[in-house]
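Participant: Residue numbers for the sequence shown follow this note's numbering, beginning at 473 and rising by one.
A virtual CB, placed ideally from N, CA and C, is assigned to each residue, including glycine.
Structure provided below as structure tokens; questions to follow.
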Amino acid sequence: MSAPEPGPLASPVCYAAEADDVYMGYLGRDEVVAMLQELLQAERAGVRVGARLSQTAPAPSLLAFARTIRDDEAHWCKVLSGALKRLGVKPSTKVGAFYGKVMALEGFEARLALLDKGQSWVARRLEEALPKIRDDQLHAELKAMLEAHVANIDLGRKAMQPAAPARR
473 MSAPEPGPLA
483 SPVCYAAEAD
493 DVYMGYLGRD
503 EVVAMLQELL
513 QAERAGVRVG
523 ARLSQTAPAP
533 SLLAFARTIR
543 DDEAHWCKVL
553 SGALKRLGVK
563 PSTKVGAFYG
573 KVMALEGFEA
583 RLALLDKGQS
593 WVARRLEEAL
603 PKIRDDQLHA
613 ELKAMLEAHV
623 ANIDLGRKAM
633 QPAAPARR
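Structure, rendered in structure tokens:
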């Protein structure tokens, strides 16, 4: 006596992996491209801000921070440009308006305070976008970018704090 032949499967094949990104709640390609271009322009402005701040830093800790920002922003420009190229898009060469806003301020501390707000804006933008990014590689890159910006925000706030008076 042999086992009966199995009948047809009860549930249909799931095609969710093949569904359109927007249908599944993710950002569409055009939205991703626009966001990456916007972030690239902001990061390019950040490179210039970091370079200018490193020329006028009044203390070694602030100089180190400005250089960290400059180098980190340059790294993210490269990552964002690579992501755009993978999408078949030419990366923007524009510098975001943020650079002009920072340079319009007088004084290192005022510029540093606005830089903090700019870093926070990028972090918020990334936090909003990450759940809507379907591409695993891009998601990982943007998550690392968010983590770096959060670390730089913390580093900048520590660098802005006045040094504690020496104990006698």
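#1: DSSP on Pro530, reduced to helix/strand/coil?
#2: What is the rounded straight-line gap between the Cα of Pro532 and the Cα of Pro603?
#3: Rounded to whole angstroms, what's the CA-CA distance from Trp548 to Leu614? Just pull it up for me.
#4: Under 8 Å: do the region 619-637 and the region 553-569 share three or more Cβ pairs, one atom per stretch?
#5: Would Ser419 be called buried (16 or more neighbouring beta carbons within 10 Å of its own) or exposed?
#6: Pick helix, strand or coil for Asp607, following the three-state DSSP scheme.
#7: Measuring CB to CB, does Tyr464 end up less than 8 Å from Arg606?
#8: So what's Glu619 in DSSP terms, helix, strand or just coil?
#9: Is it buried or exposed for Pro476, if we count other Cβ within 10 angstroms and need 16 for buried?
#10: Grab me the residues of Arg542's own chain with a C-beta within less than 7 Å of its C-beta, minus the 5 sequence neighbours each way, in chain order.
#11: How close, in whole Å, do the beta carbons of Lys566 and Gln513 come, if the pair is a contact with beta carbons under 8 Å?
#12: Report the CB separation of Phe537 from Leu627 in whole angstroms; it is logged as a contact under 8 Å.
#13: Going by beta carbon distance, what residues of the same chain come within less than 8 Å of Trp593, once the five residues before and after it are set aside?
#14: Taking the alpha-carbon of Ala595 as reference, which of Leu618, Pro530, Gly568, Ser474 has the nearest alpha-carbon?
Facilitator: Result, derived from the coordinates:
#1: coil
#2: 39 Å
#3: Approximately 9 Å between the Cα atoms of the pair.
#4: Contact fails: fewer than three Cβ-Cβ distances are below 8 Å.
#5: Since the first residue shown for the chain is 473 and the last is 640, residue 419 is missing from the structure and cannot be characterised.
#6: It is coil, neither helix nor strand.
#7: Lying outside 473 to 640, the shown extent of the chain, residue 464 is not represented and no answer is given.
#8: helix
#9: exposed
#10: Val519, Gly522, Ala523, Ser526
#11: 5 Å
#12: 6 Å
#13: Ala514
#14: Leu618
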